[in-house]
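Chemist: Please find one structure pasted underneath; my questions will follow.
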Amino acid sequence: MTASAGVYLAAWLVGLVIAPASPAAFAPAAEVHAFFAAHGGAALLQSGLVHGVAGLALAGWVLAVGRPGRQLRRSVTAAGLTAAALSLVQAAAMAVLVAQADAGRVTATDAAFDLINRLDSAKLLALGLLVAVVGLAGRGTLPAWLRHLGGGLAVLLPVSGAAFLVPSPPLTALLYVSLPALLVWVAAVTVVLRRATARGVR
């Protein structure tokens, strides 16, 4: 569990700094194409980290958190693996996007970009469900502050995901808050459950 969490956090932290910021979700098709035509390699590497590596690490993490003996393990595993699978599809879609950008196909590049964003909305919904179920399963283990953080995050994640569906500056602002909050939550839950396991708490 600890290793998976570490890889997940590292993939996101490194991935966020290795490529320029992508265009806004509702940017014009020409702007989207121009960006990925110029920064396709960096965008592909970034996606490999934040979607590919992070998706695999998330799958490993939820399998550890939802292992037999923990309450609501099936719900934890289902929500987490759904989010991980969507993340891997995003990585594949980014490879298609970069190929289309390199080929000069503006419309196809924009369509792939839109798909990745819509997948992000679905992934954030699945992550919100994951956070909520882990909170329910950990009522006897997680401290109050972490349960409160999880409760807020369970709402914040799917709501912020709407920023990819509706052009809204407030939703976009929430989106920028949701990622660091999620990373803090994953790290904190990992530490708490690791300590609980060491004490023989299930």
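Quick note on our numbering: the sequence shown kicks off at 48 and runs consecutively.
Backbone N, C-alpha and C define an ideal beta-carbon position, used for all residues, glycine too.
Fair warning: this is a prediction, and the values are worked out from it, not measured in the lab.
1. Determine the burial state of W59: buried for a count of at least 16 other Cβ atoms within 10 Å of its Cβ, exposed for fewer.
2. So for T188, helix, strand or coil by DSSP?
3. Rounding to the nearest angstrom, what Cα-Cα distance links A57 and A50 in this structure?
4. Could you round the C-beta distance between V236 and V180 to whole angstroms and report it? I think they count as a contact, below 8 Å.
5. Roughly how far, in whole angstroms, is the beta-carbon of L96 from the beta-carbon of G62, given that I think they are within contact range, below 8 Å?
6. Just to check my reading of the structure: L119 and A184 have Cβ atoms closer than 8 Å, yes? What is that Cβ distance to the nearest angstrom?
7. Do V100 and F160 come within 8 Å of each other at the CB atom, strictly closer than that value?
8. Within 8 Å, do at least three Cβ pairs link the region 146-159 to the region 200-219?
9. Anyone know if the C-beta pair for F83 and A148 falls short of 8 Å?
Modeler: If we stick to the structure as given:
1. Residue numbering aside, residue 59 sits at position 12 when the sequence shown is read from its first letter. By the neighbour-count criterion, in which a residue is buried when 16 or more other Cβ atoms sit within 10 angstroms of its Cβ, W59 is buried.
2. Within the sequence shown, residue 188 is the residue found at index 141, counting from 1. T188 falls in the coil class under three-state DSSP.
3. Numbered from its first residue, the sequence shown carries residue 57 at position 10. Numbered from its first residue, the sequence shown carries residue 50 at position 3. For A57 and A50, the distance between alpha carbons rounds to 10 Å.
4. For this step, residue 236 is matched to residue 189 along the sequence shown. For this step, residue 180 is matched to residue 133 along the sequence shown. Actually they are not in contact, since the Cβ atoms of V236 and V180 sit about 12 Å apart, beyond 8 Å.
5. For the purposes of this step, residue 96 is identified with residue 49 of the sequence shown, where counting begins at 1. For the purposes of this step, residue 62 is identified with residue 15 of the sequence shown, where counting begins at 1. With a beta-carbon spacing of about 4 Å, L96 and G62 fall inside the 8 Å limit used to define contacts.
6. Counted from its first residue, the sequence shown places residue 119 at position 72. Counted from its first residue, the sequence shown places residue 184 at position 137. Right, the Cβ-Cβ distance comes to about 4 Å (below 8 Å), so this counts as a contact.
7. As a working note, residue 160 is residue 113 in the sequence shown. As a working note, residue 100 is residue 53 in the sequence shown. No, Cβ-Cβ distance for F160 and V100 is not below 8 Å.
8. no
9. The count along the sequence shown starts at 1 and reaches residue 83 at position 36. The count along the sequence shown starts at 1 and reaches residue 148 at position 101. A contact, by the Cβ cut-off of 8 Å.
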